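Trainee:
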Amino acid sequence: MAIPVKITGQPASAGFAHGPVHLAHQGHRVYLAKPTPEAEVQALELAVEAAAASVAAAMSDLSGDAADILEFQLAMLEDGSFTASAAEMIGSGATAFEAWKAVLEAEIASYKASGDPYFTARSADLSDIRETVLSALAGDDEATIPPGVIHVDRDIAPSRFLAHDWSKGGGLALRDGSAASHVAMLARARGVPMIVGIGDCAVHDGADALLDAQSGELLVAPDPAQLAAFDGRRSASDRRLRDAELQAAEPAITMDGEKVEVLVNIADPADVGRISIGTVDGVGLMRTEFLFAGERGLPDEETQFAAYRKVLDWAQGKPVTIRTIDAGGDKPVEGYTVAEDNSFLGLRGIRLSLAKPEIFRVQIRALLRAASLGALKVMLPMVSVPREIVEAQSLFADEAAGLARQGIAHAMPEIGIMVEVPSVAITPERFAKAGFFSIGSNDLTQYVLAASRDNSRLGGLGSTDDPAVMALIAKVAGFGQSEGIEISLCGDAASDPDMTALLLKAGLRRLSVAPARVGLVKAAVRQWAMGA
Ligand code: PEP
Ligand code: MG
């Protein structure tokens, strides 16, 4: 009998899964060389076409950021330049399989070596393309992840995550990865259990395994006692989730009768299709950078206006907080962000918007027009000095005057700021010009602890429950109470029911959470009382 092995990583999306381990890239079937170079080229062209068709089919069900990722892959497959380079190699004697692999690997290496975060992020998409075409060439049937497995991989491309039907269970255990990655965000929004940073431990394909993404553990070949304990934890968690979902539409009221507003975070306007507006008090954070990350270039005013209007229509008069583009750092946008050595400390968020006013003004006009249709609030990311608020306000005033001159319907929304740079949290009174504050605990934590949010090797170092971070959160909450300024928290800590008591104790009464966590956070609020 196999000996149980406990593998430890870090939680990236809470939940439990029991199933066989599925190791990524188990190799391909043996590729059968074709009789002539012409036949090799033809086999390659057919494989590229098949790969493009499968990407296009996966795209048809998606929109927003998810579709944009696949759109990049489709564009690369349809472009033909990789096929042309591979055909040259075939002419010198390589098989289609060898040629495609070599061409893509060289391209991936140059993307990675560029030092540009945009290209580094896109190299995962190129690996995806490399594997899809190699699988088509070799006639593999395991390119897709089987349902219900615990998929173990170095990292996983968002397209692969999105192409899989997670409703049949299963989860992810990544050797590298990061809890702040794009895939981790998608996993949290869809409630898929995921852990990251398990490293290069040995694990066998097909081994029975238990994934506890609450505690960040993968238990391989569990014994009966471990299985029973896991089932107990999982049933308790399922019961908790079911009960919480049943009451998700009820308000979140603490044991001593205080109402806590629970709003939702969205990234893609299509997310609202999966959320009932009756369960939330509005949108506390709509991230707009994913609108900008497509292959069609930066979105024009009409595209942005349509996206904002979609969310406002869905919200039925409840507040919708739209954040102006927060590109840079871990969110590069081609044609907009700049390559920097230390991008988290560089030109990102409002700094970049103010540095490129011609692009910012397009977003401002779309926001001003959308503000005439509902309870829109605008939030500025990465504010670090008061001057940034003044400059943004003056651009809003200028564009509003332009729209008025043209007789275009618009309204001036309330303009608030993210509190995610320590300078704001330490001296909030200097930023009182802002209409409201929303604490971005993800960035605030990384800047207070000097612990990069996308580095899984730092373990628990960048944790929001660190007393230094919590002291700043309490300070901002207290400032809001005394000055009558609305304060919320929209970082990932708000979505963690184990953090709810700490956040309420710090004085917060407005939390914006991932869609899959609304019920759980409301349930945690209902169990809390001041002084308990
Ligand atoms: C944050 O920093 O907490 C936040 C909500 O913004 P993002 O995660 O998009 O940087
Ligand atoms: Mg942030």
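Letter by letter, the sequence shown follows residues 48 to 579 of this note's numbering. Glycine residues also receive a C-beta, built at the ideal position from the N, C-alpha and C atoms. Since the structure is predicted, the reported quantities are computational estimates derived from the model, not experimental observations.
What is the chain-ordered set of residues for which the beta carbon lies under 5 Å from any non-hydrogen atom of ligand 4?
Mentor: No copy of ligand 4 occurs in the structure displayed; its ligands are ligand 1 and ligand 2 alone.
Trainee: Using the rule of at least 16 other Cβ atoms within 10 Å of the residue's Cβ for burial, across every protein chain shown, is Lys53 buried or exposed?
Mentor: Exposed is the call here.
Trainee: Regarding Ala332 and ligand 1, is the C-beta to nearest heavy atom distance less than 7 Å?
Mentor: The sequence shown places Leu at residue 332, not Ala. The answer is yes for Leu332.
Trainee: With a threshold of 8 Å, are at least 3 pairs of Cβ atoms found where one atom belongs to the stretch 504 to 523 and the other to the stretch 461 to 472?
Mentor: With a cut-off of 8 Å, the stretch 461 to 472 and the stretch 504 to 523 count as touching, because enough Cβ pairs lie within range.
Trainee: What's the C-alpha gap between Gly58 and Ala451?
Mentor: Looking at the sequence provided, one finds Pro at residue 58 rather than Gly. Their Cα atoms are separated by approximately 50 Å.
Trainee: Can you tell me the Cα-Cα spacing of Leu124 and Lys148, whole angstroms?
Mentor: 14 Å
Trainee: Quick check on the burial criterion: 16 or more other C-beta atoms within 10 angstroms. Buried or exposed for Val311?
Mentor: buried
Trainee: Check Asp449 in the structure and name its three-state DSSP category.
Mentor: In the sequence on display, residue 449 carries Gly and not Asp. In this structure, Gly449 counts as helix in the three-state DSSP scheme.
Trainee: Put Ala570 into one of helix, strand or coil per three-state DSSP.
Mentor: helix
Trainee: Would you decide whether Lys215 is buried or exposed? Buried here means 16 or more other CB atoms lie within 10 Å of its CB.
Mentor: Lys215 is classed as exposed because its beta carbon has fewer than 16 other beta carbons within 10 Å across all chains shown.
Trainee: Given Gly162, which residues of its chain have a CB within under 7 Å of its CB, disregarding the five upstream and five downstream residues?
Mentor: Ala386
Trainee: Between which two residues does the beta strand (DSSP E) carrying Asp347 extend?
Mentor: Premise fails: Asp347 is in no beta strand (DSSP E) and is neither H nor E.
Trainee: For Glu189 and Ala210, I'd like the C-alpha separation in whole angstroms.
Mentor: Residue confidence for Glu189 is low, a pLDDT of 47 falling below 50, so the modelled location carries little weight; the figure read from the coordinates is stated next. Using only the alpha carbons, I get a separation of about 13 Å.
Trainee: Taking 7 Å as the line, does the beta carbon of Cys537 fall inside it for any heavy atom of ligand 1?
Mentor: yes
Trainee: Mapping the DSSP letters down to three states, classify His229 as helix, strand or coil.
Mentor: helix
Trainee: With distances taken Cα to Cα, identify the nearest neighbour of Asp290 among Met106, Arg564 and Gly578.
Mentor: Arg564
Trainee: Is Gly543 near ligand 1, in the sense that its beta carbon is under 7 Å from a heavy atom of that ligand?
Mentor: The question names Gly, but residue 543 is Asp in the sequence shown. For ligand 1, not one heavy atom lies less than 7 Å from the Cβ of Asp543.
Trainee: Run the proximity test for Asp318: is its beta-carbon closer than 7 Å to any non-hydrogen atom belonging to ligand 1?
Mentor: no
Trainee: With H, G and I counted as helix, E and B as strand and the rest as coil, what does DSSP make of Pro67?
Mentor: strand
Trainee: Assuming Pro58 is part of the beta strand (DSSP E), what are its boundary residues?
Mentor: Gln57 to Ser60
Trainee: Report the option in Arg281, Gly578, Lys159 and Gln294 whose CA atom is closest to the CA atom of Ala548.
Mentor: Gly578
Trainee: Quick check: Ala413 and Glu348, are their CB atoms within less than 8 Å of each other?
Mentor: yes
Trainee: Do Glu178 and Ile137 have their C-beta atoms closer together than 8 Å?
Mentor: For Glu178 and Ile137, no; Cβs fall outside 8 Å.
Trainee: CB-CB under 7 Å to His251, same chain, minus the five flanking residues each way: which ones, in chain order?
Mentor: For His251, where only same-chain residues beyond five positions count, the Cβ hits under 7 Å are Val68.
Trainee: Does the stretch 452 to 459 come close enough to the stretch 305 to 322 that 3 or more CB-CB pairs lie under 8 Å?
Mentor: no
Trainee: Looking at Ile322: is its Cβ nearer than 8 Å to the Cβ of Pro562?
Mentor: Cβ distance < 8 Å, so Ile322 and Pro562 count as in contact.
Trainee: For Ala439 and Ile397, which I take to be in contact (beta-carbon distance under 8 Å), what is that distance rounded to the nearest angstrom?
Mentor: 6 Å
Trainee: Between the alpha carbons of Phe339 and Pro379, how many angstroms are there, rounded?
Mentor: If I take the Cα positions, the gap works out to 10 Å.
Trainee: May I have the straight-line CA-CA distance separating His91 from Ala354, to the nearest angstrom?
Mentor: First, the amino acid is wrong: residue 91 is Leu here, not His. Going from the Cα of Leu91 to the Cα of Ala354 covers about 39 Å.
Trainee: Would you call the CB atoms of Val582 and Thr371 closer than 8 Å?
Mentor: The question about residue 582 has no answer, for the chain in this structure spans 48 to 579.
Trainee: Looking at C-beta atoms only, is the number of pairs between the stretch 276 to 283 and the stretch 235 to 246 that lie closer than 8 Å three or more?
Mentor: Contact between the stretch 276 to 283 and the stretch 235 to 246 is absent, with fewer than three C-beta pairs closer than 8 Å.
Trainee: To the nearest angstrom, report how far apart Lys357 and Met232 are at their CA atoms.
Mentor: 22 Å
Trainee: Using DSSP with H/G/I as helix, E/B as strand and the rest coil, what is Met577?
Mentor: coil
Trainee: For Glu446, does the count of other Cβ atoms within 10 angstroms reach 16, so buried, or fall short, so exposed?
Mentor: In summary, Glu446 is buried, with 16 or more beta-carbon neighbours lying within 10 Å of its beta-carbon over all protein chains present.
Trainee: Verify whether the separation of the beta carbon atoms of Gly584 and Val367 is less than 8 Å.
Mentor: Since the first residue of the chain shown is 48 and the last is 579, residue 584 is not available in this structure.
Trainee: From Thr301 to Arg334, what distance separates their C-alpha atoms?
Mentor: Going by the C-alpha atoms only, they are around 29 Å apart.
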